[in-house]
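Accompanying notes for the structure given below.
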Amino acid sequence: MRYAQIILPLNLKGSFTYRIPEELMPSIQPGMRVLVPFRGKKIYTGLVFEIHDHEPENFIPREIISILDEFPILPKEQISFWNWLSEYYLCSPGEIYRFAFPSSLKLESETYLKLRPNVAVDFENLDVNEMYLIQALEVRQLINLTDIEAFIPKKEIIKTINSLIDLQYIEIDEKIAEKYKAREVAYVKINEKFLNNHDLTEILSKLNKAPRQKDLFLLILDKQTETPSAYIKKSELFEAGNFGSLHFKALVDKNFVEEYYLQKDRLESYEGEIEEIEELSESQKLAKKEVDKAFEDNKKVLLHGVTSSGKTHIYLEKIEECINEGKNALFLLPEISLTKQITLRLEKKYGRQLGFYHQKLTDFERVEVWRKIKNNDIQILIGTRNALFLPFQNLGLVIVDEEHDSAYKPREVSPYFNAKDAALVLAGFYKAGVILGSATPSVESCYLARKDKLKYVFLGERFGDVKLPEYELINFKEAQESKKVSGNFSLHLIDEIRKTLDEKNQAIILHNRRGYANVVECETCGYVNYCSNCDVVMTYHKSANEMKCHYCGQRASKPKTCPKCYSENLNERGVGVEQIHEEVSKIFPDSEVDRMDVDSMRKKFAYEKLYEKIEDRETDIVVGTQMISKGLDFDHIELVAIPKADSLLYVQDFRAEERAYQLITQVSGRAGRVSGKGKILIQTYNPDHSVFQLIRINNVTKIYDYFLKERQKFHYPPFTKLIMIELKHRKEEKVNRASQFLGSVLRKYLPEECVLGPERAQIARLNNLYQFQILLKLPRGKNYEKFKEMVLISLNEFEEITAYQSIRKAVLVDF
DNA sequence: AGCACGCCGACT
DNA sequence: GTCGGCGTGCTC
1 MRYAQIILPL
11 NLKGSFTYRI
21 PEELMPSIQP
31 GMRVLVPFRG
41 KKIYTGLVFE
51 IHDHEPENFI
61 PREIISILDE
71 FPILPKEQIS
81 FWNWLSEYYL
91 CSPGEIYRFA
101 FPSSLKLESE
111 TYLKLRPNVA
121 VDFENLDVNE
131 MYLIQALEVR
141 QLINLTDIEA
151 FIPKKEIIKT
161 INSLIDLQYI
171 EIDEKIAEKY
181 KAREVAYVKI
191 NEKFLNNHDL
201 TEILSKLNKA
211 PRQKDLFLLI
221 LDKQTETPSA
231 YIKKSELFEA
241 GNFGSLHFKA
251 LVDKNFVEEY
261 YLQKDRLESY
271 EGEIEEIEEL
281 SESQKLAKKE
291 VDKAFEDNKK
301 VLLHGVTSSG
311 KTHIYLEKIE
321 ECINEGKNAL
331 FLLPEISLTK
341 QITLRLEKKY
351 GRQLGFYHQK
361 LTDFERVEVW
371 RKIKNNDIQI
381 LIGTRNALFL
391 PFQNLGLVIV
401 DEEHDSAYKP
411 REVSPYFNAK
421 DAALVLAGFY
431 KAGVILGSAT
441 PSVESCYLAR
451 KDKLKYVFLG
461 ERFGDVKLPE
471 YELINFKEAQ
481 ESKKVSGNFS
491 LHLIDEIRKT
501 LDEKNQAIIL
511 HNRRGYANVV
521 ECETCGYVNY
531 CSNCDVVMTY
541 HKSANEMKCH
551 YCGQRASKPK
561 TCPKCYSENL
571 NERGVGVEQI
581 HEEVSKIFPD
591 SEVDRMDVDS
601 MRKKFAYEKL
611 YEKIEDRETD
621 IVVGTQMISK
631 GLDFDHIELV
641 AIPKADSLLY
651 VQDFRAEERA
661 YQLITQVSGR
671 AGRVSGKGKI
681 LIQTYNPDHS
691 VFQLIRINNV
701 TKIYDYFLKE
711 RQKFHYPPFT
721 KLIMIELKHR
731 KEEKVNRASQ
741 FLGSVLRKYL
751 PEECVLGPER
761 AQIARLNNLY
771 QFQILLKLPR
781 GKNYEKFKEM
791 VLISLNEFEE
801 ITAYQSIRKA
811 VLVDF
């Protein structure tokens, strides 16, 4: 066993072979971090994936420099998980490594310069920059590349360094610095040897001439005697404001007071009271029993609980059982904003045993969670998808809440994976139980449940016997024909809103389109405002008074006249949420109407402020995008209106109907949570559309029957497996050619009907990159693995063409 | 990925 | 003539 396969934090295929030096042989193990040289002098933190004895044939391996960990930092379950991820999602282990580890745990060496020993520098022949650098190096032996920017213009740095290296005056050195530093907090105490009456009186009399110091001393003494076990923070002494650090320093100098430091967590943990959870209702108890039974049979559970049925209660019970067995639980949520409420609920019960992990933590905070998980200091972790990679020691339960949510598989970050599916696999390696929970499960999960791959548990009653909301479809076409409309609202819809307001209740209006108008168009010449980076029309945002591209974020001012023909007849087309908000405000001038979308929630605490406003019932109507479907659990919302429901269906995506159903159902769940008299109004031109009809009768089985039938008919998942390959490049010609080539290679290995495209992407150019797509529709089951092998072969063949190496490629498995 | 090497246009 | 642009090649 003299060689190790090492993963490097680079987007490179596969792993690299290094030789293990004799002295490291006894201690090296898979899952440990090591320092390895890679390409010249550069040093990376690699990860040992495998130890073996196969001598490489085509190259001479280099040696591992040193081992960074005493014990493997990555448990063996995680190593298996990574292997599965890279095979299933066709991504490199390096990508996973980069994604999984906080950057402080995978440091790269930094390049330093130093003078060569015993050189005589001939200053006469140096230019100014070279002279500066030599002089700087004479003062401080090592200089970091970024420090050089302070005295040499950026453009000339490389030239200067290269010329000094040629002259053999300086050389390059690589150093790895530990970046993570524990946070230290200063504490104070009275010097112990003076802690007796005699000495204390003496000190106080000595301090008579310095009253401030005396007061400070007395304050410390006071705090210390009051609770001798407590630690006194230095910072709290100055809160009163009468003392400065000078007074404190004087006391320290006189040796009366001691200052000391303790390492402190960056993550605040809950210190309040610990609360018990409420008892389960009858139907919850039944559901819980089914979950228990499934776990006994080693089956994973799909918990389908209608809105406010109390899925969380069941989660809590299972978590409790899990940690009572001495195991850890992982609670996954699709996004950070949702972690807050569940955290509030859990920390009352579990206090310090609870941790969180998500994209908003700083790097050092992530390292601290890593260490705590590694040392088993945290029993329950609440997190987003990246929490799957924490080094759990004995994971016993994984909960994936809102399992249908598309945030579990964002398209734009690599490695591309669906956290819901990955959670199932990870739990498998740990032999942990899994609960996928949702009020609107994904069609895929429902299919698995029907195939008995998941145990289906249905919770159809709201907690406390509260009734489910009622649905009503409003035929907008009819309303228009009988002239019973005002703008985008039928008079009936307006009446219903008014009724709700009159009863002092609140209403929610959903319109899932940002901005004020989709397009600003010139009536005279037809000009529309395109984004300069993308092939997309820019959306008009009235409140910010600008045009925005929703794909690259570019902003432009709104044209007053047509830039092409100077006509002033500019027409706004396509209704956005801002316009709906404006309309509602005009219809109900005496009501408080607020808007909730990413644009209005951008400011700090905007969300919190609006949340409080709604809670205090200062807000009467909330108009918003899909954002309002999540987390707004209030007691007095009785009406949900969707004035332009058709727009939810007209999206080019085979999941559009499923998404529409999920969004409508989720937002409906906000209504009548306490009264049981919630009402949902869906205004549409097509009240006969199957999706709307099925939502109205609210029959869960029939809805999924319908979705599954449609998917089967058009050969979409879960009946087939999809792989999307996207190619991007600045030059359209080049990607076009490349994608044609890749398409032909794929057709060589796969049946014709499996390969769709290549085609220009729906957004042909995004951020100045032209995109082409090839969609692979592969059969499920045994053949899938074979076909995927073929895809891999095709991709390798494609990569061998050097001209296509500059083309960016994304492979999205289970797209 | 990122860094070095190598080949062509815009400037002193 | 050079400087520096980026296309290409390679890393255990």
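For the first sequence, counting from 1, position 253 maps to 253 in full-length UniProt numbering; every step adds exactly one. The beta-carbon is built from N, C-alpha and C at its ideal position, and this holds for glycine as well.
Going straight from the alpha carbon of residue i to that of residue j, what length do you get?
i, j, result
"ASN242", "LYS603", "36 Å"
"residue 816", "PHE815", "No information on residue 816 is available, as it lies outside the stretch 1 to 815 that the chain covers here."
"PHE356", "VAL466", "32 Å"
"LEU694", "VAL48", "53 Å"
"ALA641", "SER92", "46 Å"
"GLN771", "ASN736", "8 Å"
"TYR685", "LYS348", "48 Å"
"ASN40", "PRO117", "With the sequence shown as reference, residue 40 is identified as Gly, and Asn is not the correct amino acid for it. Answer to the nearest angstrom: the Cα atoms are 21 Å apart."
"GLU365", "PHE605", "22 Å"
"ASN533", "ALA764", "11 Å"
"GLU732", "ILE807", "11 Å"
"residue 817", "LYS189", "This structure leaves residue 817 out entirely; the chain is present only between 1 and 815."
"TYR231", "SER80", "45 Å"
"VAL139", "LYS42", "25 Å"
"LYS713", "GLU800", "38 Å"
"GLN78", "HIS54", "24 Å"
Does DSSP put residue i in a helix, in a strand, or in coil?
i, result
"ASP635", "coil"
"ASN518", "strand"
"MET601", "coil"
"PHE49", "strand"
"GLN506", "strand"
"SER557", "strand"
"ALA427", "helix"
"HIS304", "strand"
"HIS729", "strand"
"PRO72", "coil"
"MET547", "strand"
"HIS541", "strand"
"ALA764", "strand"
"LEU262", "strand"
"ASP653", "coil"
"LYS467", "coil"
"GLY94", "helix"
If you count every other CB in all the chains shown that lies within 10 Å of the CB of residue i, and 16 or more means buried, which is it?
i, result
"ARG62", "exposed"
"TYR44", "buried"
"GLU658", "buried"
"GLY553", "exposed"
"PHE123", "exposed"
Ordered along the chain, which non-local residues of its own chain (more than five positions away) have a Cβ less than 8 Å from that of residue i?
i, result
"PRO211", "none"
"ASP199", "LYS193"
"GLN762", "GLN652"
"PHE634", "GLN506, ILE614, GLU615, ARG670, ARG673"
"GLU444", "PRO717, PRO718"
According to DSSP, residue i sits in a beta bridge with which residue or residues?
i, result
"ILE621", "ALA507, VAL593"
"LEU354", "ILE380"
"GLN5", "THR17, GLU50"
"ALA810", "GLU726"
"GLY676", "Its beta-bridge partners do not exist; DSSP assigns none."
"ASP646", "DSSP output for ASP646 lists no bridge partner at all."
"PRO37", "ILE43"
"PHE772", "LEU727, ARG760"
"LEU570", "CYS522"
"ASP173", "TYR112"
Who are the Cβ neighbours of residue i in its own chain at under 7 Å, not counting the five residues just before and after it?
i, result
"ILE314", "GLN284, ALA287, LYS288, VAL291, LEU303"
"PHE458", "HIS304"
"LEU775", "LEU722, MET724, LEU756, GLY757"
"ASN698", "LEU468, TYR471"
Could you name the residues of the same chain whose beta carbon sits closer than 6 Å to that of residue i, not counting the 5 residues immediately before and after it, in chain order?
i, result
"HIS404", "SER438, THR440, PRO441, SER442, GLN662"
"PRO75", "PRO391"
Hey, would you say the C-beta of residue i is under 6 Å away from at least one heavy atom of the ligand FMN?
i, result
"ILE508", "Because no ligand of any kind appears in the structure shown, any question about the ligand FMN cannot be addressed here."
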